[in-house]
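Taken in order, these protein sequences are the chains called A, B, C, D, E and F.
Sequence positions in the first sequence follow this note's numbering and run 9 to 269.
Sequence positions in the second sequence follow this note's numbering and run 9 to 269.
Sequence positions in the third sequence follow this note's numbering and run 9 to 269.
Sequence positions in the fourth sequence follow this note's numbering and run 9 to 269.
Sequence positions in the fifth sequence follow this note's numbering and run 9 to 269.
Sequence positions in the sixth sequence follow this note's numbering and run 9 to 269.
There are 6 protein chains.
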Amino acid sequence: ASKRAVESQFTFPAFGCWVNIFEPAVAELVGACGYQYALIDMEHSPVTVDSVLPMVRAVQLGGAKAIVRVPEKQSAWIGRLMDMGVDGIMVPMVNNAAEATELAQATIYAPEGTRGMAAGIVRASNYGLNTAEYLQNYRDNFMLIVQIETREGMEQAEQIAAVPGVDCVFIGPSDLAGSLGHRAQPEHKEVRAAIRQIYKNVKKTGKPVSTLNFTSRNAKQLITDGFDLVFSGSDMTMLSKALQQDVANNQKIVQGLVGSK
Amino acid sequence: ASKRAVESQFTFPAFGCWVNIFEPAVAELVGACGYQYALIDMEHSPVTVDSVLPMVRAVQLGGAKAIVRVPEKQSAWIGRLMDMGVDGIMVPMVNNAAEATELAQATIYAPEGTRGMAAGIVRASNYGLNTAEYLQNYRDNFMLIVQIETREGMEQAEQIAAVPGVDCVFIGPSDLAGSLGHRAQPEHKEVRAAIRQIYKNVKKTGKPVSTLNFTSRNAKQLITDGFDLVFSGSDMTMLSKALQQDVANNQKIVQGLVGSK
Amino acid sequence: ASKRAVESQFTFPAFGCWVNIFEPAVAELVGACGYQYALIDMEHSPVTVDSVLPMVRAVQLGGAKAIVRVPEKQSAWIGRLMDMGVDGIMVPMVNNAAEATELAQATIYAPEGTRGMAAGIVRASNYGLNTAEYLQNYRDNFMLIVQIETREGMEQAEQIAAVPGVDCVFIGPSDLAGSLGHRAQPEHKEVRAAIRQIYKNVKKTGKPVSTLNFTSRNAKQLITDGFDLVFSGSDMTMLSKALQQDVANNQKIVQGLVGSK
Amino acid sequence: ASKRAVESQFTFPAFGCWVNIFEPAVAELVGACGYQYALIDMEHSPVTVDSVLPMVRAVQLGGAKAIVRVPEKQSAWIGRLMDMGVDGIMVPMVNNAAEATELAQATIYAPEGTRGMAAGIVRASNYGLNTAEYLQNYRDNFMLIVQIETREGMEQAEQIAAVPGVDCVFIGPSDLAGSLGHRAQPEHKEVRAAIRQIYKNVKKTGKPVSTLNFTSRNAKQLITDGFDLVFSGSDMTMLSKALQQDVANNQKIVQGLVGSK
Amino acid sequence: ASKRAVESQFTFPAFGCWVNIFEPAVAELVGACGYQYALIDMEHSPVTVDSVLPMVRAVQLGGAKAIVRVPEKQSAWIGRLMDMGVDGIMVPMVNNAAEATELAQATIYAPEGTRGMAAGIVRASNYGLNTAEYLQNYRDNFMLIVQIETREGMEQAEQIAAVPGVDCVFIGPSDLAGSLGHRAQPEHKEVRAAIRQIYKNVKKTGKPVSTLNFTSRNAKQLITDGFDLVFSGSDMTMLSKALQQDVANNQKIVQGLVGSK
Amino acid sequence: ASKRAVESQFTFPAFGCWVNIFEPAVAELVGACGYQYALIDMEHSPVTVDSVLPMVRAVQLGGAKAIVRVPEKQSAWIGRLMDMGVDGIMVPMVNNAAEATELAQATIYAPEGTRGMAAGIVRASNYGLNTAEYLQNYRDNFMLIVQIETREGMEQAEQIAAVPGVDCVFIGPSDLAGSLGHRAQPEHKEVRAAIRQIYKNVKKTGKPVSTLNFTSRNAKQLITDGFDLVFSGSDMTMLSKALQQDVANNQKIVQGLVGSK
Ligand SMILES: [Mg+2]
Ligand SMILES: [Mg+2]
Ligand SMILES: [Mg+2]
Ligand SMILES: [Mg+2]
Ligand SMILES: [Mg+2]
Ligand SMILES: [Mg+2]
C-alpha cells in the first residue's frame, strides 16, 4: 500500500526547509534528513507543474510534508496542485480577507467551494484507489498557508488569518521590508515591529504562524518567540555558502604556497 | 508529406477517450485503437504546454483527433494550443455567453478575433510549409468545445451554445452534480434532469453535444439518447480497474493456498 | 525519515506487475494497488537510467519493490542501478554460470566483488545519511534475478541458479520458445517441458523461481505449480486490452444504430 | 568567475535573431554566430519557464543577450524571468500607458515596484554570489521591450514609449496588419504608414525602436530608416526555407533522371 | 487507425536529410518538407533512446522514414530501436562480414537471429494491436544500413554488402578520408577513388548504396553516379550556414552605415 | 562570439568540485564560485549524455572547466563527450597501459586515433563555426584523466601515466582501499602507502596528479604534498552535511523547549 500520508496530522512546533534546487535527489534528501516540511518554491524558481510533481514525490518518499509555493496569487494553481497530492500550498502576497477567501474556496469542492472534481483519477486519491476516503479527508490532510508580506497584508493580518480554510500564516520578511520602504533590510526595526504585530494579530485567531530564518533571528529565537513552523534551512543558500567557504579556503592554500616560496 | 489532417472533417456520432496518463505511448495507442477523439486533459493533470505537444503528436500519429482540455477558462491558452496544431480545445466551467464569446474570439485572427498571428512558423501550418492553406482553413479544421458544468452554465446553455465559434458543448456530470448540491452523486435525479435540460437547450442551436460515460449511463445509452460525441474510455480509470482486479485475483489465489494447507 | 526500505525482506509467494508505461503515475499506482513487486523494463522500453529513477521512486512510494530489468547482460548497469537504490535487478539472457558469476560479482564491493564504491553520496544510502548501515545491509536488501530464456541457459539452469549472489531465477517463456525453435508459441509442449525442467533444476538449489502469466498458464496455476514470484500483471497489456474492448463495444453501438435505421 | 554579463551595456544599432526552435544547441549557435540579441519566443512556442532557462543559458554562453518574449501581457511572468537572469523581456500586445506602467513596475522591487524579492538565491544574482551588486545594477542590465501591434497601441505609441521603465518599443507588423483590417498583409500601405507613425512617435521619447525583417523591408532598409534593433533572422524560417529549397532541388534531379530516360 | 507504415516499401532513388537538431519540430518539418528519409544521428549527438523516440514519431508524422544511426557498433542498440518502431538503423564503422552478420542477426528473432521477443507490447507492433502482422512483416518494413568508412571496410566491401540482412551500404566520406590518411580531405583523389571502389563492389551484390553530399559532389552528381539514397540535407549545416550569412550581411550593413558617416 | 574556451590552458595547482547533483543551477554555481574544474560524475549518478550536456554548458557558463567522468571504461563514451564540447574526461578503473592507450586513441581522429569525424556539426566546434580551428587545437584544449584505483592499476601506475594522450592521473582512494582489502577504510596505512607509491610513479612521467579530499587528508595537505589538481568540494556531500547540521540544531531547539517546560 502507498507510503504516503501515513502520518497525516500537522503538528507544531515544526521545522522546514526551503527547496529551490529542482533535483528530486535534493528533495528526497531534505525529507530523509528529518525536516518535517519542505517548501518547494515555484515563485522564485523556473518551474511549473510538471517539474514540481517529481519534487513532491521525492519529498514525500523522504518522509516530509510537501508544501508548494505557487508562483502567483491565482486560484487556478490550487486545484491543480491539490490534484497532484501535495500536502499544502503557500500563496504569496495575500493582502486582505477577500483574497484569502477566494483562495480558501479554491481548496474546497463545490457547492461550498470552487475546486473542480476529478477525485476518481488524480494522484491525490491514489488514482482512484482511495476516492471515497479522499473525499472524506482531503481537506484535513491539506494545509493552506497564506503569506503576509506587504503593508496592506500587515494591516489586515487578523482578518486574513480568521478566514476559514486559511490554515497557517507565513510572514515574509524580505518583501515586507520592501513594502515598508526598507528594501533588503529585513532586520530594520520597523520591519521587526511589523513582524511582531502580524504575529500577534494572527495568534489572536489561534492559527499557527510561520516564517523563515534571517540573519539576526535564528531558528532558536523564532521557536522561542512562539513561531509554530520555522523554515530553518534553504538548500540553495546552504550549498552556496559551503561552496564559497571551500573556495575561500582553497585560495588561502594557494596564497600560502605562493607566500612560502 | 505530413500525415496530419488527412481527414479533417469532424463526423458524428463519434467516440473518444480521456487521456490522463502523460506518456505518448499511451496517447498513440489510444489513437491507434480506433477512437476518433482523444481528450488530453490539462485541467486535472500536472502538465503544461511542453508536455502536451508530444501527446498531441502521438494521438495524431495514432490516427485520432487531439483535443486538449485547458487548465482554466483563460483565452491565453487558446492561441498557444492552436499554434501547436491541436485539433480542438475544451474549456472547463463556461458559465455564460460572454465567456463563450471571449473564448471563441481567441480562436480567430484579428480583426474579427483576438488571436495573435504567427502562422508562418508554427506547427499548425507545418512550420510555414502550408501557411496560405492554413490561413484559409484553420478554423474549419478546429473544434472549440465548451464545458457546461455549473448551475449558471445550465441556465445559460442555449445562449452559450448559440455563440458563433462554439463548435460543441460538453456536459460535465461531476462538477454539475457538485454545483447543484449533490457532490459525487452524478446519478442523482436532479443531476440527470439537469443534463437532459442542457442537452435539449443545446440541441435547439443545432450544435453537437458531448459527455462522458458514467456508472448508470453507458456509451450505448448516451448514443441512443442522441449525444454526438461520447467519451467512452478513460486510460487511467481503465488501467486502475484492471490492476485492481488482478491484485484482487492474486489475493484470492494466496488465500486459496493458505486455506488449502 | 525516509519511507523506503521499511520492510526489507523479500517474502514468497509474491506477485508482481510488469511496467512498460514510463509514466511515474502508473508506477505509483502499480505499487499502491498492492503488488509486492514492479518490474520496470528497460530491455523493451525506450528508456535509460535518468528515466528509470523517477519510476523507481514512484514504485517505492506506492509501496512495492522496484526491480529493474536492464537492457543487456552487462555488468556496468548493475552498479549504476544499485547506486540509484533499486530493490532488485533482472538480467536477460543469462546462459551459463560464468555469466551469472560476473553479474553477481558486480553487485558486491571490492575486494570480493567488482562494484565501484560511492556509498557516501548515492541514493542507495540516502545520499550518505545511512552509509554505515548501507554498507552492512546493502546486499541483503537487494535481489539479483537472472533470466533463463535460451536453450543454453536451460541446459545450465542448475549451475546458474547455484551461483552465490544469484537470488532468483526468472524463466522467460517467449524467448525460450524462440530459442527452442517455436517462435511465438510459448504454449508449445516442448516449451512447457523446458520450463518444467528449468523449474525443477533451479529448485534443487533452493533458490526462488519466477515467471510471468501466459495464455494457458494463469497466475493461479503458476502459484499452485510452486512458482515463488509470479508477474501476473502487465500495465501495457492490460491497458491495451481494455481500450480495445471499449472500442469494439463502441463499434457495436454504432452498428446497432445503423442497423436500426 | 561567471562568464555572464561581461558586457552589460545595450548598444545600438544592433541585430537579433528570433528563436522558435527550442533546442539549446540552436540557441547557442545563434549567440555564437554573432547576433547581439536572441529573442526566445514563448508566445508562439509550446514552452514554459523550465524549457526557457536552458535556452537562456545557451544564448548567453554563445555570447548574445537573451530576451524572452512572454506568452501574454501579465506581470507574473516578469519577476519569474528576471529571477532566471534573462537580459530582457518582450511583452506582446501592449495597448496603452497603463498597461506599460504595470509591466514596468513589475520589473522593479518594492517599494517603487511590485517585483517579489528573492535576490539572495536566484540565478540573476549568481545564486547569491553577487546579491549586493545585483541589487545595485539589476535594472540597468535589463531591458523591457513592449510590443505595439494593435490600432489602440498605435494611437498610444508616444505615451506607451514615455513610460519610465519601458526601455524599447517593438513594432509587430503581422498583428498590426490584422488589427488594421489587413490580415496577412504587413506590406499593405496602411500598415506601412502605421509603422512609420509609431516609429516617429516613439522616437519623440528618445527610446530605441525595434522590429523584424519582412518581405519588402529588409534589414538594410530598416537600419537605414533608423531602427535601433532589427531582428534580421529567424531560426525556424531560415531552416524551413533551406530545407524546402533542397527538396525542390532534389525533385528537379529526379525529374531530370526521368526525363533523360 | 495508426498513420504509420502506410507506405512500407523502400523505393529508390531517394533523398534524405541528416538530423542533428534534437527538437521534434525540426524532425517533423524534415518529414513534412518531402524528404523520404530522415537520419536521426545518435553517433554525433548527445542523445539516447528516450530522446530519440520523440524524434522518430515526429519524422514519421511528417511523412518520412525514420532511420536512426546508433552511437556505436553494438547489437544491443538494434533490438531496442526496432522495438521503438524505427524504419531503419544505420551502424557506423562496419569493417567486415563478421561484424555485419552479427548486426544482421540482431534484427531477427530467434531461432534464426538473436533479437529478444516482446512483440506483444512494444511500439513497433502498435503496442500489441498488430502483433501477428508485425511478426509477419517486421523485417520487410525495416532497413539495416551499414556504414563503410575505414580502409578495412573498404577492402571488405563486397563481403559486407553480401551479408543477408544488410539492406543498404552507406559510404562515409569523412571517416574514410581519415582512415586513408587524408583527414578532413574527403575530396582527396584517393578518397574519391576509394568511394568509387566501394560503390562498385557493393553494386555487385545488388544492394543499394547511400552516401551524403560533399563539397564537390552534390546531390545531382551522386544520383547521376548511381547512388540510390542520397542524403542531400543536414539540418544543422543548413541552419548554421543561413545564420552565418545573415550575420555577415548585418555586418556589411553596419559597416555601410559607418562608412557613410 | 562564444564565451567558451576563453582561457584554454590547464594550469596547476588547481581546485575542483565534484558534481553529483544534476541540476544545471548547481553546476553553474560551482563554476561561478571560483572552482577551476567541475567533475560531472556519470559513474555514480543516474544520468546519460542528454542530461550531461546542460550540466556542461552550465559549468562553462559559470567559468570552470567541465570534466565528465564516464560511467565505464569504454571508448565509445569518449567521442560522444568530446563532440559535446567537454573540457575533459575522467575514466574509472584504468588498470594498465593497454587500456590507457585505447582510451587515448579514442580522443584522436583517424588515422592516428579512432575517434569518428563530425567536426563540422558538433558543439565542440561551435556547430561548425570554428571547424578549422577546432581541428587544429582540439586535443590541446582537452584533458584525458585516467583513474588509478585498483591494485593492478597501482602496479602499472608509471606505465599508465606514460601513455601519450593520458594528460592526468586521478588516484581514487575509496576503490583503491577496497581493492587492497580495506573496504571503506581509505585512511588505512596500506592505502596511504599505495597512494604515495602511485603518486611517486606518476610524477616520474611528469604528468599531473589529481585526487580528492578525504577525512585525514584535506586540501591543504594534498596541495602541500604536490598534488596538482585537488577536488576539495563535493556538492552532494556539502549539502547533505549542512542539512544534517541544521536538523540536528533544530532537534536541540525542540529538546530545549521540552526541557524548559
Ligand atoms: Mg515574497
Ligand atoms: Mg469539470
Ligand atoms: Mg526475453
Ligand atoms: Mg504579435
Ligand atoms: Mg563516421
Ligand atoms: Mg571509483
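Note that CB positions come from ideal geometry on N, CA and C, so glycine has one too.
- Residues are counted here when their Cβ sits less than 7 Å from a Cβ of chain D; for the segment 88-102 of chain B these are R88, D91, M92, given in chain order.
- In this structure, Q205/F and M162/F form a Cβ contact; the two beta carbons are roughly 7 Å apart against a cut-off of 8 Å.
- I129/B carries a coil assignment under DSSP once its states are collapsed to helix, strand and coil.
- Each of A227/F, T115/F, E195/F was checked against the Cα of P181/F, and the nearest Cα belongs to E195/F.
- Here the C-alpha atom of K212/B lies approximately 39 Å from the C-alpha atom of R131/A.
- Classified as buried, E36/A has 16 or more neighbouring CB atoms from the shown chains inside 10 Å of its CB.
- For L220/C, the enclosing beta strand (DSSP E) starts and ends at 217-220.
- For S187/B, the residues of chain A that pass the 7 Å Cβ criterion are A118, P119, in the order they occur in the chain.
- Remark: the C-beta of P119/D is outside contact range of ligand 1, defined as less than 7 Å to any heavy atom.
- With fewer than 16 other Cβ atoms inside 10 Å of its own Cβ, Q17/B counts as exposed.
- Secondary structure within the segment 150-198 of chain D: the alpha helix (DSSP H) runs of 4 or more consecutive residues, fully enclosed, are 159-163, 165-170, 181-187 (chain order).
- At least one heavy atom of ligand 2 lies less than 7 Å from the C-beta of Q155/B.
- When the beta-carbon positions are compared, P100/A and E51/A come within less than 8 Å of each other.
- Your pair P119/D and G189/A checks out as a contact, with CB atoms roughly 5 Å apart and the cut at 8 Å.
- S240/E has its Cβ no nearer than 7 Å to any heavy atom of ligand 4.
- Residue environment: E198/F is assigned as exposed (fewer than 16 neighbouring CB atoms within 10 Å of its CB, all protein chains considered).
- Checking the 7 Å criterion, the Cβ of G87/C is out of range of every heavy atom belonging to ligand 6.
- A direct Cα-Cα distance of roughly 30 Å separates P21/E from V55/E.
- Proximity of chain F to N134/D at the Cβ level (cut-off 9 Å) is accounted for by E36, L37, A40, C41, G70, in chain order.
- Cβ contact annotation for M90/B (same chain, cutoff 8 Å, sequence separation greater than five): I97, T115, R123, A132, Y146, F150, in chain order.
- Here Q155/D has M98, V99, P100, M101, V102, F178, G180 as same chain residues with Cβ atoms under 7 Å from its own Cβ, once five neighbours each way along the sequence are excluded.
- Excluding five sequence positions before and after L143/D, the CB atoms of its chain that fall closer than 7 Å to its own CB belong to A127, given in chain order.
- Scanning its chain for C-beta atoms nearer than 8 Å, with the 5 sequence neighbours on each side dropped, one finds around F23/C the residues Y43, Q44, Y45, A227, L237, V238, F239, S240, G241, in chain order.
- Residue burial annotation: Q164/A is buried, with at least 16 other C-beta atoms found within 10 angstroms of its C-beta.
- Of the residues assessed, D254/B falls on the buried side of the cut-off, its CB having 16 or more other CB atoms within 10 angstroms.
- For D183/C, the distance from the CB to the nearest heavy atom of ligand 3 is below 7 Å.
- With respect to the 8 Å criterion, D58/F and W26/F are not classified as neighbours on the basis of their beta carbons.
- Cβ contact annotation for A40/E (same chain, cutoff 8 Å, sequence separation greater than five): G70, G71, in chain order.
- A Cβ-Cβ distance of about 14 Å is found for the pair V60/A and V34/A, leaving them out of contact under the 8 Å criterion.
- Assignment of beta-bridge partners to V238/C by DSSP yields F23/C, T219/C.
- Going by beta carbons, M63/C and Y135/E fall outside the 8 Å limit.
- The Cβ atoms of D175/F and E157/F do not sit closer than 8 Å to each other.
- For P100/C, the shortest separation between its Cβ and any heavy atom of ligand 3 lies below 7 Å.
- In this structure, the straight-line span from the alpha carbon of S53/C to that of A256/B is close to 27 Å.
- A straight line joining the alpha-carbon of E166/F with that of K208/F spans about 9 Å.
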